[in-house]
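Q: Just add 3 to wherever you are in the sequence shown, counting from 1, and you've got this note's numbering. Next up is a structure, given as structure tokens.
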Amino acid sequence: MTDATAPKLIDGRELAQAVRDEVRAAINDWTDEGHRPPFLSAVLVGDNAASEAYVRGKEKDAAEVGIDTNTHHLDADTSQSALLDLVHNLNADPSVDGLLVQLPLPDHIDEQTVIDAVDPSKDVDGFHPENLGRLLRGTPRYIPATPYGIMEMLSRSNVDTEGMDAVVVGRSNIVGKPLANLLLRRTANATVTVCHSRTRDLAAHTRRADLLVAAAGQAAFIDGDMVTEGAVVIDVGINRVEDASTERGYRLVGDVDFDDVRPKAARITPVPGGVGLMTRAMLLKNTLQAARLRAEGS
Ligand code: BQF
Numbered sequence: 004m005t006d007a008t009a010p011k012l013i014d015g016r017e018l019a020q021a022v023r024d025e026v027r028a029a030i031n032d033w034t035d036e037g038h039r040p041p042f043l044s045a046v047l048v049g050d051n052a053a054s055e056a057y058v059r060g061k062e063k064d065a066a067e068v069g070i071d072t073n074t075h076h077l078d079a080d081t082s083q084s085a086l087l088d089l090v091h092n093l094n095a096d097p098s099v100d101g102l103l104v105q106l107p108l109p110d111h112i113d114e115q116t117v118i119d120a121v122d123p124s125k126d127v128d129g130f131h132p133e134n135l136g137r138l139l140r141g142t143p144r145y146i147p148a149t150p151y152g153i154m155e156m157l158s159r160s161n162v163d164t165e166g167m168d169a170v171v172v173g174r175s176n177i178v179g180k181p182l183a184n185l186l187l188r189r190t191a192n193a194t195v196t197v198c199h200s201r202t203r204d205l206a207a208h209t210r211r212a213d214l215l216v217a218a219a220g221q222a223a224f225i226d227g228d229m230v231t232e233g234a235v236v237i238d239v240g241i242n243r244v245e246d247a248s249t250e251r252g253y254r255l256v257g258d259v260d261f262d263d264v265r266p267k268a269a270r271i272t273p274v275p276g277g278v279g280l281m282t283r284a285m286l287l288k289n290t291l292q293a294a295r296l297r298a299e300g301s
């Protein structure tokens, strides 16, 4: 159910700031107990501008909450075996709590092989099959940051998913599949439909959604006609559209046609300033958890 008194916009800036404040307080307690600060190591291959920006954002958030970071920048032509060597070294390094390899990787590198190489106890992205398996089985260790952030946005905005018809558009391993699983858990109790590029009548599904999550990767993919009055709409898309009036020549939009959908939605997340910021905040939570796991020796 939806809290009718709540403001329409689910503000990722505000919610992510609240998460960061909590993580910072928890890290202060952790270091007061005599532990060193959590340490996150990131690996960035090549010079994809968006990836560089994402990593810089993660470093900035980490610094704010007291997580130490080190980013390894590798050339675009780095071999898969050189990347795997680095991952193995970071796995073996006891000063590294959390380890992430920024995606996407260059075409000559097999992403799955690299994901499999990350020590699951350091896998703060939650992409390793062991961690995905644990999530599926209901005993999660690291929950992938985007779906984790979406669940956190819902609970912090008092959206009770109990009995809701949730429709997730997009079936990626990083968003759609783990999110569908989180919504299915007994702690959420939604009825979940996962749609994708081959779904026959997409609008027939989305119109039935009390909770609509758009993770299709296409600007203006969801318009007002595809949304029922009073739905909660979560926009996971990050798309660049040309905009000559901006300094960079583009602006970021989600998968939802915001102006068209907003009047019908009970709640809606903006882009920018929505799910993306929460994704970053949840990585910090996972990194603190990694430091705790390391200290316990588990
Ligand atoms: C915002 C990502 C596709 C492929 C690889 C804030 C982020 C984005 C947008 C961000 C993303 C997307 C990340 C906003 C991390 C989310 O205000 O709208 C933050 O940093 N993200 C990533 O690391 O890799 C990706 C999307």
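All C-beta atoms in this analysis are idealised placements derived from N, C-alpha and C, irrespective of residue type, glycine included. Just so it is clear, the structure is predicted and the values come from calculations on it, not from any experiment.
What's the call for R270, buried or exposed, on a 16-neighbour Cβ count within 10 Å?
A: Buried.
Q: Under 9 Å between the Cβ atoms of T149 and V278?
A: yes
Q: By the DSSP assignment, the alpha helix (DSSP H) with D32 in it spans what residues?
A: Counting along the chain, the alpha helix (DSSP H) containing D32 begins and ends at G15 to D35.
Q: Looking at the unbroken beta strand (DSSP E) that takes in V244, where does it start and where does it end?
A: For V244, the enclosing beta strand (DSSP E) starts and ends at N242 to E245.
Q: Quick check on DSSP: helix, strand or coil for N192?
A: coil
Q: Which residues mark the beginning and the end of the alpha helix (DSSP H) in which G179 is found?
A: G179 to L187 is the span of the alpha helix (DSSP H), which, as asked, contains G179.
Q: Taking the straight line between their C-alpha atoms, what separation do you get for V216 and A293?
A: 28 Å
Q: When you measure from the CB of A53 to every non-hydrogen atom of ligand 3, does any distance come out below 8 Å?
A: Absence of ligand 3 is noted for the structure shown, with ligand 1 being the only ligands found.
Q: Can you check the stretch 52-95 for any alpha helix (DSSP H) of at least 4 residues that lies completely inside it and give the ranges in chain order?
A: 52-68 and 83-95
Q: If you run the structure through DSSP and keep just helix, strand and coil, what is V216?
A: If DSSP states are grouped into helix, strand and coil, V216 belongs with the strands.
Q: Are any of the Cβ atoms in chain B nearer than 9 Å to that of A21?
A: Structure shown: chain B not included; a single protein chain is present.
Q: So A95 packs on L280, CB below 8 Å; how close in whole Å?
A: At roughly 33 Å, the Cβ-Cβ gap does not stay under 8 Å, so A95 and L280 are not in contact.
Q: If you reduce the DSSP assignment to three classes, tell me which class L106 lands in.
A: L106 falls in the coil class under three-state DSSP.
Q: State the DSSP-derived secondary structure class of Y253, mapped to helix, strand or coil.
A: strand
Q: Between the stretch 282-300 and the stretch 166-174, can you find at least three pairs of beta-carbon atoms closer than 8 Å?
A: Touching, no.
Q: Using three-state DSSP, classify R283 as helix, strand or coil.
A: In the structure shown, R283 sits in a helix (DSSP, three-state: H, G or I).
Q: V235 and L214: beta carbons closer than 9 Å?
A: Yes, they are a contact pair.
Q: At a cut-off of 8 Å, is P181 close to ligand 1 when judged by its beta-carbon and the heavy atoms of the ligand?
A: No; taking the cut-off as 8 Å, the Cβ of P181 has no heavy atom of ligand 1 nearer than that.
Q: I want to check one thing, is the minimum distance from the CB of R283 to the heavy atoms of ligand 1 below 8 Å?
A: yes
Q: Under the three-state reduction of DSSP, which class applies to V46: helix, strand or coil?
A: strand
Q: Just to confirm the assignment, what range does the beta strand (DSSP E) spanning D168 have?
A: D168 to V172
Q: What do you reckon, are the CB atoms on R211 and V197 nearer than 9 Å?
A: no
Q: Please confirm whether any heavy atom of ligand 1 lies closer than 8 Å to the CB of G15.
A: yes
Q: Counting only the same chain and skipping the five closest in sequence on each side, list residues whose C-beta sits under 6 Å from that of E114.
A: If we look at E114 and ignore the five residues flanking it on each side, its Cβ neighbours are L108.
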